[in-house]
Structures are given as structure tokens and as C-alpha cells.
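Trainee:
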Amino acid sequence: MRDIAITGIGVMSPLGVGWEAFWENCRKAKTGIKKITSFDTSSLRSNIAGWVEDFDPSQFMSPGVYRRMSRISRMAVASSVEAVKDSGLILDSIDRERIAVIMGTSYGSSSYVEDFYISLLKYGPRGAQPFLFPETVPNAPASHIAMFHGITGPNTTFCQNEISAENAILYAQNLLIQNQVDVALVGGADELSAILYSCYDAVGALNKIRVENDEPINPKLGDGLILGEGAGILVMERLDFALERNAKIYGIFKSGAITGGITSVGHYEVEGEQMARAMSLAMKEANINPDEIDQIHVSANFSGELDRIECNQLKRIFRKSTKNLSVTPLKYLIGDFGGAGIIRAAAIFLSLYHQLPLPTVSAQTLKGESQRSLEWDLNSTDKIKVALMTTTTFGGGSISLVFTKN
Amino acid sequence: MSENTAKRVVVTGLGIITAIGESIPTFQKALFNGECGIGPVSLFDTTGFPCEVAAQVKIKDLKEFFGAKGIKRVSRCDLLGLIATQEALLDSDLDREICSKKDIGVVLGGGAGGMLSWEKYRRTSWLKKTKARPSPLLSIAQCTLTDLIASRYRLTGSRATISTACSSSATSIGYGFDLIRSGVHEIVITGGSESLSELTFAGFNALRLMDPEYCRPFDKSRRGLSLGEGAAILILEDYESAEQRGATIYGEVLGYATNSDAFHMTSPDPEAVGMSRVMTKALETANVSIDQVDYINAHGTATKINDQVETKAIKRVFGEKGARALAISSTKSMVGHCLGAAGAIETVATVLALSEQVIPPTIHLENSDPDCDLDYVPNNSRTQEMRIALNNSFAFGGNNTSVVFGRGQAQEREN
Chain A
2 MRDIAITGIG VMSPLGVGWE AFWENCRKAK TGIKKITSFD TSSLRSNIAG WVEDFDPSQF
62 MSPGVYRRMS RISRMAVASS VEAVKDSGLI LDSIDRERIA VIMGTSYGSS SYVEDFYISL
122 LKYGPRGAQP FLFPETVPNA PASHIAMFHG ITGPNTTFCQ NEISAENAIL YAQNLLIQNQ
182 VDVALVGGAD ELSAILYSCY DAVGALNKIR VENDEPINPK LGDGLILGEG AGILVMERLD
242 FALERNAKIY GIFKSGAITG GITSVGHYEV EGEQMARAMS LAMKEANINP DEIDQIHVSA
302 NFSGELDRIE CNQLKRIFRK STKNLSVTPL KYLIGDFGGA GIIRAAAIFL SLYHQLPLPT
362 VSAQTLKGES QRSLEWDLNS TDKIKVALMT TTTFGGGSIS LVFTKN
Chain B
1132 MSENTAKRVV VTGLGIITAI GESIPTFQKA LFNGECGIGP VSLFDTTGFP CEVAAQVKIK
1192 DLKEFFGAKG IKRVSRCDLL GLIATQEALL DSDLDREICS KKDIGVVLGG GAGGMLSWEK
1252 YRRTSWLKKT KARPSPLLSI AQCTLTDLIA SRYRLTGSRA TISTACSSSA TSIGYGFDLI
1312 RSGVHEIVIT GGSESLSELT FAGFNALRLM DPEYCRPFDK SRRGLSLGEG AAILILEDYE
1372 SAEQRGATIY GEVLGYATNS DAFHMTSPDP EAVGMSRVMT KALETANVSI DQVDYINAHG
1432 TATKINDQVE TKAIKRVFGE KGARALAISS TKSMVGHCLG AAGAIETVAT VLALSEQVIP
1492 PTIHLENSDP DCDLDYVPNN SRTQEMRIAL NNSFAFGGNN TSVVFGRGQA QEREN
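Protein chains in written order, with this note's numbering: chain A, 2 to 407; chain B, 1132 to 1546.
1) Assuming the contact rule is C-beta atoms closer than 8 Å, Ser-1326(B) and Ser-1154(B) should be a hit. Round their C-beta distance to whole Å, please.
2) Indicate the three-state DSSP secondary structure (helix, strand or coil) for Val-1114(B) in the structure shown.
3) With a CB to CB cut of under 6 Å and the five nearest residues on each side skipped, what residues in its chain are close to Met-1246(B)?
4) Going by DSSP, what residues sit across from Leu-1358(B) in a beta bridge?
5) Is Met-411(A) helix, strand or coil by DSSP?
6) Can you confirm whether Asp-1309(B), when its beta carbon is compared against all beta carbons of chain A, has any partner nearer than 8 Å?
7) Helix or strand or just coil, what does DSSP make of Ala-1199(B)?
8) Which class does Pro-1092(B) belong to by DSSP, given the choice of helix, strand or coil?
9) Mind checking Ser-1133(B): buried by the 16 CB within 10 Å criterion, or exposed?
10) Excluding sequence positions up to five away, which residues of its chain have a Cβ less than 8 Å from the Cβ of Arg-1376(B)?
11) Distance, Cα to Cα, Pro-1265(B) vs Phe-1180(B)?
12) Any C-beta of chain A sitting closer than 8 Å to the C-beta of Leu-1281(B)?
13) Just the chain A side, please: which residues come within less than 7 Å of Asp-1278(B) by C-beta, in chain order?
14) Run through DSSP, which three-state label would Ser-399(A) get?
15) Checking the sheet assignment: what are the DSSP bridge partners for Thr-1292(B)?
16) According to DSSP, is Tyr-1426(B) part of a helix, a strand, or is it coil?
17) Could you tell me the alpha carbon to alpha carbon distance between Ala-1272(B) and Ala-346(A), rounded to whole angstroms?
18) Are any of the Cβ atoms in chain B nearer than 8 Å to that of Tyr-1(A)?
19) Give a yes or no on whether 8 Å exceeds the smallest Cβ distance from Ile-263(A) to chain B.
20) Would Glu-115(A) and Ile-196(A) qualify as a contact pair, given that the criterion is a beta-carbon distance under 8 Å?
21) Does the CB of Ile-1147(B) have a neighbour CB from chain A at under 8 Å?
22) Output the distance between the C-alpha atoms of Gln-181(A) and Phe-395(A), rounded to the nearest integer angstrom.
23) Whose C-alpha, out of Pro-126(A), Ile-119(A) and Thr-393(A), is nearest the C-alpha of Arg-1254(B)?
24) Can you pull the chain A residues whose beta carbon is under 9 Å from the beta carbon of Met-1410(B), in chain order?
25) To the nearest angstrom, how far is the alpha carbon of Ala-203(A) from that of Ser-1391(B)?
26) As a quick exercise: from Gly-398(A), Asn-208(A), Arg-373(A) and Gln-356(A), pick the residue whose alpha carbon is nearest that of Lys-384(A).
27) Suppose you measure from the CA of Leu-402(A) to the CA of Phe-1349(B); what does that come to, to the nearest Å?
28) Going by beta carbon distance, what residues of the same chain come within less than 6 Å of Ile-73(A), once the five residues before and after it are set aside?
29) Where does Thr-8(A) sit, in a helix, a strand or coil, going by DSSP?
30) Comparing C-alpha positions only, which one of Gly-1144(B), Arg-1139(B) and Arg-1285(B) sits nearest to Gly-397(A)?
31) Can you pull the chain B residues whose beta carbon is under 7 Å from the beta carbon of Gln-314(A), in chain order?
32) Under 7 Å Cβ to Cβ from Gly-1539(B), same chain only, skipping five residues before and after it: list those, please.
33) Between which residues of its own chain and Ser-1372(B) is the CB-CB distance below 6 Å, once the five residues before and five after are set aside?
34) Helix, strand or coil for Asn-208(A), going by three-state DSSP, please let me know.
35) Near Gln-296(A), what residues of its chain come up, given a Cβ to Cβ distance below 6 Å and the 5 sequence neighbours on each side ignored?
36) Looking at chain B, is there any beta carbon in it that lies within less than 8 Å of the beta carbon of Asn-208(A)?
So, in C-alpha cells, the structure goes:
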């Protein structure tokens, strides 16, 4: 039994807090990318990001619980609270050692790293603030989730740039298939911080767009990526376990494959050969042909570099003109971060469950030849059974996942 | 997965760099001689910290040592990792051509990654209030070493970096084991790297977890840990593939488990539930009974609580009598606590112990502690027959990992 059921979703995203708000805005292709107001960007080349507005941790946990938590941990725990509730799992009725918490994040709490280090620079060797230090480890969000729910099973965090959350999905799949656990809370999380944003700006990786307050944002390909933040948790169970407890099933995680592209630090694999191999391997494992795929979810992120490679490889795999191929580049709406894969997967499972399509653009758009703003198609198809999600990161890795309606 | 289709996973290459040795032969000698690598730190100014020492790698010019002076924009952490990888691949007889054809995976554990580089950037920009040169920022992610290794040796397989603080690289060995056992890869490069950084140095000092002199695991007068740095890489391989190409087999990975205390961010559960459960689960997955285990390479940080609780956990799993029959030692007494690389460095120590049939000692252990009353192999190594060993790693956040190793089959036949 290799099929895995998704039974619960929690999302804190630039498109809304909670999966219902996220889904509603996602369907409309509303953008979550906006001017940054949470820190000073006046000296930087860019001032936009996909960031989570109106996140109030007290809706999900008591102040005593989140007082010492970083923003990333707060968003991660909040997602887990929503997802567990949504799944209908009664944690007291199952063996908590048979539940895993597997997370992916690019950098963990960069704001706590910054604050702790600055406390050292300011106050000297004996003045650094001890309570900030434990939050600097990338596994802090996963540990907080475990502590919050009393989950004592496997607990692991992956940091692999833009395929961090996808790596978490594959590891959780492995634990479930091997029958090490019955349930896995699988997540991705990242926080936007002044320090992270300024570092990305300093190395010239960001889109160079500056906007005034409510000005509409029309990013162009190749200008550099747009950072995002957010957290998401999917509750995954072996299908037999989910069926036995009569769980609501959003959809099935069929197969996944990972490959490594060869490139230099900070860059994408040049041709995308390994990206294509991951897609082929995932479809082969699921026993699905390219023509059976109804939705293609790409990791295009406005970097230009990645967008074009994805376009070229999809053209090869699907043997179609890119004009006739529709794809969903969700990072165009939420920004780019290591945990984004979970939010993209959440969108796909919501689409499979509600049998409503996600917004698409023509794959041609990824080439960036048109100077016009993005044209989203909100009702591209009514056949929503099989979805392919491909993600490629700078540094070289690619992960491809196949999801189906149950 | 059914038992009979699961592959066996063996270790066919080792590479290491630590404060007590910069290659497997030098490390092994120092490990069995019980040498201490803890001393002054030259990477940054430690004056004024409650503890000013650590186990820093002694090589002055790592780039020259690596044999690639022109190598640029690589953090100290990544350089240490590349050095260990070069040795491990050579040791395993894997040249670049084989590497590029075998769809090899790279699964590493990372701690603070390129933090030292980031600190350099941040200190300059903060103190001078001007923009610093941004190039150190390119290596700040935990996963740059994983990508560097893959690109250097053209590895197209799985790519993952696990970051669970002090258990990171132990878990990476576990994941590498999974990937081979389930048939995804024939060969996976696992391990981890860590360089000292102001952040971790100041952090453990701020938490008052460091011994001002040197760490003394399991000793009554222990006052905390000593930080260390280094890297260790292990080549894990499908047994049949290793046999086929005639690779040296150092030992076998038999199984592993990870779990969570779900108790506290920095303190272990005083009842030792998580720690004991993770050892039990690891032995279960390895299909090994408690009386088959001869040696435990302990987490043994030398904090008051860890050593006491780990001892309690070992007793819970093996029983009072069984626990007393075990040899237990802490490699951290020599190389310090290498955080993200600790699990991998200690795994190399465990594999060397099994293949050489020598138990490395716990050094600086002079006064017995009534709460730590097992056989910690004090101060001198011991030649002893061993078949199965357990390696423990327990991390911040309550992340526990335990890995079970067996002596290589060929070696058993020889004897």
C-alpha cells in the first residue's frame, strides 16, 4: 500500500490566514504580493514580498504558549492547530508515538539569529540574550509543534532551499510506507525578516521593484525573484488508516521523485535535464502518462532563470506547444520560500477535493516575452483528477510529485 | 516493505576532519590514544565569555590543505565538509567517473552552516554602518555543502539536508540508510559538517551550558560541554553493490529511529522517556536484541542533566544488569560537541571501534558520579570483541536519534 491520503490542511499564507480564506483568494488569482510595511526597506532596491497579513497567533494558542516563539514557529504551530482540527483526528485516541512531524524551511528563524547576534554585538560576551538562542535552530518550529500536541514520534526538519518542504513530503512518505507511523504532520514554513530580505537584496537576487502604497504590482520575468513567507501543514495518513477512521480525504499523494541537477551555488540547473527526469520518474512510479495529467503546478518564481527552464522542459515532456499548455505558478501570487511547497500542495488538494480548478497561465508566459501583466485563466478545465507538481531549487535539486483525486 | 526485499546497507568509505585528526588514520590514532582537542580559539575573539575554549580544527590554511587554493566563496563549514568528502570518496574507491554514472544521493546534516561567514558580513555592516561585501552571504544556507558536493562530483541522486541541531547528521545517516534499503539508490553520501561560530559559541555560553576548562562527560565535577568543529562523511552502499565492486566494508548500518521528547526546547525530559524509546525503537528496526549490543557511543555532552538522563535511559532500555555489561563512551570528551557534525563524527568513531575492535575512551573522567555509574571506558581505550554498537544523538528541541551498527560481515568471517 503506497497510497497516502491527505486528510487535513492548515495554511497561513500571503493569500490569507486559514485554508478557507486562502482557497477563496487563490481561486480568484488574487495576489498576496504587496509592499512591505513590517520593517524599513528605504535603503533597499526592492520593497515588495508575499507576506502574511493579519496573522494573530492568539486565534490558535494562548499567549503563554507563543510568547517566546519566533514568527516562523508561531505560524507553523498555528497551521498545525488548523490542520489537526480539520483532519478530525482525536489525538488522545491514537498513539502519539505513531505520529511524525516533518518540516521544511529555508532558513528557520532568521530574525532570531539576527536579534541574538546583535545582542552579542551590543552587550558583549556576557550580555547575549539566552532566550533568543534556542529559537535560532531551524528545527524549532517542528519541535514546538511536537510540544504543543504532545507528539512523540519521528521529528525531522529539512533545509534544502526551495525544495525544503517537498523533501519533508518525501521523507514522510517513506515513514508512512514503512509503517513506522500512521499519521504525519508534514509542513513547510518560512518567515520574512528584515535581515533575510536585506541579505537577498545585497546579493542582487531580488526583484528590483519599489512601489508606493496601494500601487498595483506588475513584476516582470527575469527581474529576480520575489520573496515570500508563510506556513502550511498537511495531515498525511496511510490510505488504509484514513479509510478505517472514515476520514474526509482531500486527495491521494501517489508518488514522488527527487533528482539532483548539477550547478553552482545560487543558480539553477542550466538545461533542466534532472528536473525533467524527476517529472518522468514521478509519473512512471504513479503509472500515469503525461496526457492523463490535468493540472501542472510549476515552481516558477519570476527569477526568469527557473521560469524559462520549466517552460522548456514541460514542452518536451508534454509534447505540446507551450501556447496550449496551462500551468499554475502559485509563487507568482505568494512569493518564493522554502516552505512554499506545502502551500502549493494544499492548493492542489483543495482543488481536487472541491473539484474546482486553480488559476492558470499559458506556459508561454514563463518565457517572459510578453511585457503585459499576467493573464490568469480562472476556469481552465473541469477535469480535475490528476495533478503534477514540480519544484526546482537553486543549488540544483528537483522534486516532482503526483497527486490524484481519491 | 517486506523483510526479504530490503537491501543491506554497508559503510564503504570514511572521511573526517576534527580537532584531534585531519584524516581517518590520524583521527583513529588520536581517538584510541584519548587525545584532547579542546583549547584556544583563533577564529574569533572569545575573550570575556564564561568559557573561552573549544575544539578548533588545527590546520591553519584549510584551502591549501584541501589542495584547491583557488576555491572561492566557500564557507569554513563547507570547506571542512569538502575535505572529509574527498577522503571518503577516495577511501571508497569512487572516482568522478563512477560518481557521475551511479545516480548517487547526497544526504547531509547541517547545523549553523555558513554562520561564521554571515557573522563577518553582519559585524562589518553593523559596526561600520556601511554596506559590507555581500559575497559571504552566498554560503549561509545549511544546504550549500550538499549542493557543492553534488556539483563537484556530478551526483544526480537525492539531495537533502537535515537540520535538527545536534542530531542532524545522525538522522542523515538514517535517511541514507532508508534510501538504500528501499532500493532508491545504491550509494548515498551521508554525514555532516560544522564550523565554530560566534552565534553558537555565544549561545551555549549564554545558556550557561559550557565548561570553562574542558568538558568531562560522566564525571562528578562536570560543568558543561565544550564546543567543537569538524566534518565526517560516510559512504553508505548497498551490500551487493559493494561486494560486486570489491569495496572495503567497514561495517553495516542495521537500523535507526528518531523521535521527539515533546518536552522542552533545551532540556531533556528528566524521566528519559524519549531517549529510552528511541534506543528501543532503533534496536527493533534493526532486529537486534538488547543482549547483542556491546558498545554505546553516547551523546555524552557533559552537561549535568544530559549525562544523568542518558545513563537513566540506558538503564531503562538494557536493565540495571544489562547496562552494567555495556561499554559506553563519549567521543565529545576529545573532539568537543560538533553540533550538526556530531552524529557523523561519532558514527565514524563507532564504525572504527567496530572494525578495529577497540573501544575509544571517555577522557577527563576522574571522579565517579553516583548518578552516572556505568562503564564509560575512562581515559584509556580498550581492546574488546564487539559485534553491535549503538550511537546516540539528542538535540535541542527534544529531537532524538539512535543508529545501530554491526561489524562488517567479511571482518567477522576473518576472525
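Quick reminder that beta carbons are idealized off the backbone N, C-alpha and C, glycines included. Predicted, not measured: the structure shown is a model, and the values here were computed from it.
Mentor: If we stick to the structure as given:
1) 18 Å between Cβ atoms; not a contact.
2) Outside the shown range of chain B (1132 to 1546) lies residue 1114(B), about which nothing can therefore be said.
3) The residues are Ser-1328 and Leu-1330.
4) Answer by DSSP bridge pairing, in chain order: His-1468(B).
5) As displayed, chain A neither begins before 2 nor continues past 407, which places residue 411(A) out of reach and without an answer.
6) Residue-level contact check: Asp-1309(B) touches chain A, since one or more beta carbons of chain A fall below 8 Å from its beta carbon.
7) The answer is coil: DSSP assigns Ala-1199(B) none of H, G, I, E or B.
8) Not covered by the structure: residue 1092(B). The range shown for chain B is 1132 to 1546.
9) Reliability fails at Ser-1133(B), whose pLDDT of 44 lies under 50, so the model's placement of it is uncertain and no value is given.
10) Asp-1224.
11) Taking the straight line joining both Cα atoms gives about 28 Å.
12) Just to set this straight, residue 1281(B) is Ala in the shown sequence, not Leu. At least one C-beta of chain A is nearer than 8 Å to the C-beta of Ala-1281(B).
13) Near Asp-1278(B) (Cβ distances below 7 Å), the residues of chain A are Val-266, Gly-396 and Gly-397.
14) Looking at Ser-399(A) - three-state DSSP - the assignment turns out to be strand.
15) DSSP output for Thr-1292(B) lists Leu-1239(B) as bridge partner(s).
16) Residue state for Tyr-1426(B) is assigned as strand, using DSSP reduced to three classes.
17) Straight-line Cα distance between these residues: approximately 24 Å.
18) Outside the shown range of chain A, which is 2 to 407, sits residue 1(A), and nothing can be said about it.
19) Ile-263(A) counts as touching chain B.
20) Less than 8 Å separates the beta-carbon of Glu-115(A) from that of Ile-196(A).
21) Cβ-Cβ to chain A under 8 Å: no for Ile-1147(B).
22) The straight-line gap from Cα to Cα measures roughly 32 Å.
23) Comparing Cα-Cα distances from Arg-1254(B) to each of Pro-126(A), Ile-119(A) and Thr-393(A), the minimum goes to Ile-119(A).
24) Simply none; closest approach about 14 Å.
25) Note on geometry: alpha-carbon atoms of Ala-203(A) and Ser-1391(B) lie some 38 Å from one another.
26) For Lys-384(A), the nearest C-alpha among the options comes from Gln-356(A).
27) The straight-line gap from Cα to Cα measures roughly 47 Å.
28) For Ile-73(A), where only same-chain residues beyond five positions count, the Cβ hits under 6 Å are Ser-110, Pro-142, Ala-190 and Glu-192.
29) For Thr-8(A), the three-state secondary structure derived from DSSP is strand.
30) For the residues Gly-1144(B), Arg-1139(B) and Arg-1285(B), the minimum Cα distance to Gly-397(A) belongs to Arg-1285(B).
31) The premise fails here: Gln-314(A) is roughly 15 Å from chain B at the closest Cβ pair, so nothing lies under 7 Å.
32) Within its own chain, the residues whose Cβ lies closer than 7 Å to the Cβ of Gly-1539(B), once the five positions on either side in sequence are excluded, are Val-1141, Ile-1380, Tyr-1381, Gly-1382, Glu-1383 and Ser-1486, listed in chain order.
33) Excluding sequence neighbours, Ser-1372(B) sits near Glu-1317.
34) Reduced to three states, the DSSP call for Asn-208(A) is coil.
35) Counting only Cβ-Cβ distances below 6 Å, and skipping sequence neighbours, we find Ala-388.
36) Asn-208(A) is outside the set of residues whose beta carbon lies under 8 Å from a beta carbon in chain B.
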